[in-house]
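This report refers to the structure that appears directly beneath it.
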Amino acid sequence: MDLSILNDRQREAVEYAEGPLLVLAGAGSGKTRVLTHRIAYLIEHEGIAPYNILALTFTNKAAREMRERVNSLVSYGASSIWVFTFHGFCARLLSSEIDKLGYKRSYTIYDEQEQLSLIGKIIKDLNINDKDYSKRMLSDIFSKAKNQSLNPVEYLELTFQPREVREAFREYEKRLKDSNALDFDDLLLFTVRIFENFPDVLDYYRDRLRYILVDEYQDTNMPQYRIVELLAKQHRNICVVGDDDQSIYGWRGADIRNILEFEKDFPGAKVVRLEQNYRSTAIILKAANNVISKNSGRKPKTLWTQVTSGPPIEVYQASDERDEASYICSSIASAIRKGARCSDFAILYRTHSQSRVLEMYLKSFGLDYIVYGGISFFARAEVKDVIAYLKLLYNPADNESFYRIINTPKRGIGSKSLEELSENASKRGLPLLAAAMDPEGLSPALIKKLEKLTKVYVEIYTSYGSLPLVKLAERLLELIEYDAYLAEDKKDTYEARKESVVELLSYMLDYEKDFAPIEGDDDDVLASFLKNVALFSSTDSTSAESGTVTLMTLHAAKGLEFDTVFLCGLEAGLFPTSKSLLNPELIEEERRLCYVGVTRAKRRLILSYALRRMRYGSTESSVPSQFLEEMGVMKAAKPKEAMGGASRPYYDGASRAAAPGPTAPFKPTRTKDASNFKTGDRIRHRIFGLGTVASVEGSGSTKLLVICFDNGQSRKFAADFAPITGV
DNA sequence: ACACTGTGAGTTTTT
DNA sequence: CTCACAGTGT
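What follows is the structure in structure tokens.
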């Protein structure tokens with residue numbers, strides 16, 4: 229381990245081994261480096277046992293990265309350091325402690341989809357007017373109640389929620405409990421409950437986890453704060469790292485006060501400020517500092533850098549989102565011609581919905597890209613189906629999973645049948661599956677219909693425990709004749725769905741191969757697998773590949789850096805989002821999000837906005853985001869101009885002369901025969917040159933051409949938009 | 001009783 | 001554009 233690569237401040241943070249430490253780490257100031265070196269220092273220099281260390285992060289990605297980097301720094305014991313996400317830590321702890329709260333250890337974690345579907349049923353059953361409260365609204369209220377306080381019921385009363393909301397919440401909690409299921413928020417809350425009510429458990433973890441590190445501390449919510457506090461209050465070897473300016477999860481209950489008041493919570497805490505930025509040019513930092521300085525109540529800090537030169541910030545005013553996408557793509561293509569690599573570029577946006585157009589143009593330019601987030605592999609219906617069967621096998625009380633699979637494949641069981649079954653089940657106090665398996669008091673017709681499913685479970689129960697995970701899943705697929713179901717009922721998408729199932733099986737195989745039960749963890753593979761899947765986030769699914777342009781939301785971009793960043797859709801109502809416009813606190817969070825986005829760029833930053841944009845179907849005109857002006861990259865638009873959309877972007881005044889003008893936006897030309905290429909045609913692509921059409925997929929606007937270029941490479945293009953001409 | 005088709009509404013960010 | 005639901009067909 230080499231501490232000489234650290235600057236004085238970083239080194240100070242690394243070497244302050246005992247006692248509470250707050251590291252205020254500005255963007256790009258080497259926060260991860262400090263965390264990883266600190267862990268290494270504790271082990272190698274202070275002689276702390278690796279298993280006495282706990283590092284908590286928010287994302288799996290961050291946890292994985294930290295694990296890898298620590299691994300390369302320490303000479304021994306890296307694998308016994310606990311590096312977890314908050315949720316992962318709680319899930320693990322609960323799998324051995326949750327029975328103390330009256331749950332079975334084989335609990336299930338409900339993801340957002342399952343949560344919403346459960347709330348939907350409650351809205352129906354309680355006759356709540358769904359015009360007053362949508363599923364989404366209720367789930368937001370519930371989550372807020374759980375995230376912002378340790379006593380959600382009390383919280384709902386204190387915030388004067390109407391009776392129906394409180395009743396819905398009670399019912400929600402009851403049904404979760406009946407299903408032996410937890411939502412994401414429960415993982416945290418239950419852990420707090422265990423710690424608070426079972427001192428021996430708390431003592432055990434306190435004794436074991438004597439050195440605690442928390443990443444992104446500004447994003448902790450109430451239960452997370454409490455977990456850290458409970459674990460660390462005694463030995464006080466707690467190091468938290470964060471940046472109040474990058475707190476962007478307020479909507480999820482994150483409380484920025486946790487970091488602002490750390491010194492109060494841990495009196496005598498040492499504070500180290502990391503203000504030297506190693507990532508961006510001075511030009512970019514200036515813009516970042518400009519925006520964020522508009523926020524109030526910040527911890528004072530000023531980022532500085534030694535890198536003074538760099539290209540100016542560009543602002544592109546697009547006529548619409550397609551023009552914007554096309555500008556971005558031609559910028560990338562032109563930089564690549566000059567030697568840049570795809571992986572140098574990131575396109576950041578406020579909402580996932582913005583990725584579609586960008587993808588279309590990236591395809592047409594033949595640029596490889598990867599979209600983070602969006603629809604996760606584990607959210608695909610066929611994948612969820614298979615997993616639901618397994619969840620129900622592992623936790624027979626899991627009613628949501630039962631609802632999902634009872635009529636998939638079709639067994640002729642509709643709402644009427646389900647009503648009968650669920651009434652019978654609740655009368656007998658049984659989970660749905662148990663009621664179905666022991667059909668006392670059910671109509672013969674229903675019993676007959678249920679037989680198909682109950683047979684499956686009788687059969688699969690005998691295999692559970694004796695078969696490896698993949699074999700178990702394969703046996704299950706056979707028993708339910710899933711392939712036949714896909715072939716008959718999902719004809720159009722059969723191939724793709726089947727492929728997903730195969731992919732899932734191979735994922736399981738890998739998982740099983742790498743599975744090594746960790747001491748103190750009495751889980752079997754299935755339990756561990758299901759937990760892993762539940763806590764798998766859509767941003768984790770895709771590993772950072774080299775050679776591709778990265779597309780992601782601003783939230784997902786936190787912690788990452790790129791040579792060139794396109795920050796697009798800078799329009800009032802989109803970014804900042806319309807929901808924030810009237811609320812100064814929300815605007816401040818959007819502003820922090822803007823700060824996060826800007827500080828992702830190492831060298832080049834390109835900002836863009838469109839004068840008109842398609843929003844659910846129809847085109848609406850838009851006004852440039854206030855952030856453009858706040859960053860100091862655009863003159864204040866006069867009110868008149870704002871409406872006409874005539875405000876002119878300009879290029880960083882300081883180096884105006886050096887700035888290139890916007891290249892003429894590439895207009896996709898729909899030549900009469902553009903989409904009439906057929907297999908075998910010789911073509912010329914504007915960027916890739918000569919090639920042959922290898923195949924044609926789809927039709928109309930989704931028509932795709934696979935081209936084999938003469939250099940041997942093959943690429944796929946949207947027929948309507950690719951800059952392709954016949955030769 | 002279920003499946004399918006057309007209409008109506010609504011969309012932020014994520015463990 | 002996508003999800004939820006109502007109404008119709010099997």
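In this text, residue positions in the first sequence follow the numbering used here: the first is 229, and each later residue adds one.
Cβ atoms here follow ideal geometry from the backbone N, Cα and C, with glycine treated the same way.
In this structure, the beta-carbon distance from T781 to H580 falls below 8 Å.
Rounded to the nearest whole angstrom, the C-alpha separation of E813 and R820 is 11 Å. Look at M229 here: in three-state DSSP terms it is coil, with no helix or strand label. Per the coordinates, the alpha-carbon of L595 lies some 33 Å from the alpha-carbon of Q534. Taken in chain order, the unbroken stretches of beta strand (DSSP E) that lie wholly in the stretch 357 to 423 and span 3 residues or more are 409 to 411. Around the beta carbon of I688, 16 or more other beta carbons sit within 10 angstroms, so the residue counts as buried. Counting only the Cα atoms, R843 lies some 41 Å from S756. Of the other Cβ atoms in all chains shown, 16 or more fall within 10 Å of the Cβ of A482; this residue is therefore buried. Around the C-beta of E679, fewer than 16 other C-beta atoms lie within 10 Å, and the residue is accordingly described as exposed. In terms of Cα proximity to M229, the closest of E648, F286, N760, R297 is R297.
Ranked by Cα distance from Y555, the options F593, C570, D572 are led by F593.
D435 sits in a helix when the DSSP states are folded into three classes. Under the three-pair Cβ rule at 8 Å, the stretch 534 to 545 does not count as touching the stretch 286 to 296. In this structure, the CA atom of R725 is about 44 Å from the CA atom of R391. Under the three-state reduction of DSSP output, Y631 falls in the helix class. Here N449 is bridged, per DSSP, to A482. The beta carbon of L835 sits closer than 6 Å to the beta carbons of V543, L795, L798 from its chain, once the five residues preceding and following it are set aside; these are given in chain order. Annotation: E385 to R394 spans about 8 Å, alpha carbon to alpha carbon.
Cβ neighbours of G247 within its own chain (closer than 8 Å, five residues either side excluded): R464, N465, G496, A497, K498.
Residue pairing for S846: DSSP places it in a beta bridge opposite R843.
The stretch 560 to 604 contains, as complete beta strand (DSSP E) runs of 3+ residues, the segments 573 to 577, 597 to 599 (chain order). Here H913 carries a strand assignment [DSSP, helix/strand/coil].
If you draw a straight line from the Cα of C822 to the Cα of A396, it comes to about 37 Å. Taking the CA atoms as reference points, R507 sits about 57 Å from V684. Considering only K786, Y735, T721, the residue with the shortest C-alpha distance to V761 is Y735. The beta carbon of V585 is closer than 7 Å to those of E549, R550, A553 in its chain, skipping five residues each way along the sequence.
Between L649 and A663 the beta-carbon gap is near 6 Å, inside 8 Å, which marks them as a contact. For C467, the enclosing beta strand (DSSP E) has its first and last residue at 466 to 470. Nearest to D666 by C-alpha distance, out of T682, L918, L618, is T682. Cα atoms of G256 and T827: separation of roughly 7 Å, rounded to the nearest angstrom.
The residue among E789, S475, K402, L410 with its C-alpha nearest the C-alpha of F573 is E789. Here the alpha carbons of S604 and F630 stand approximately 22 Å from one another.
A contact between stretches requires three or more CB pairs, one per stretch, nearer than 8 Å, and the stretch 335 to 342 fails this requirement with the stretch 298 to 311. Annotated as distal: A701 and L758, with beta-carbon spacing of 8 Å or more. Between L763 and G275, the C-beta gap is not smaller than 8 Å, which leaves the two residues out of contact. For the pair I422 and L329, the CB atoms are nearer than the 8 Å cut-off.
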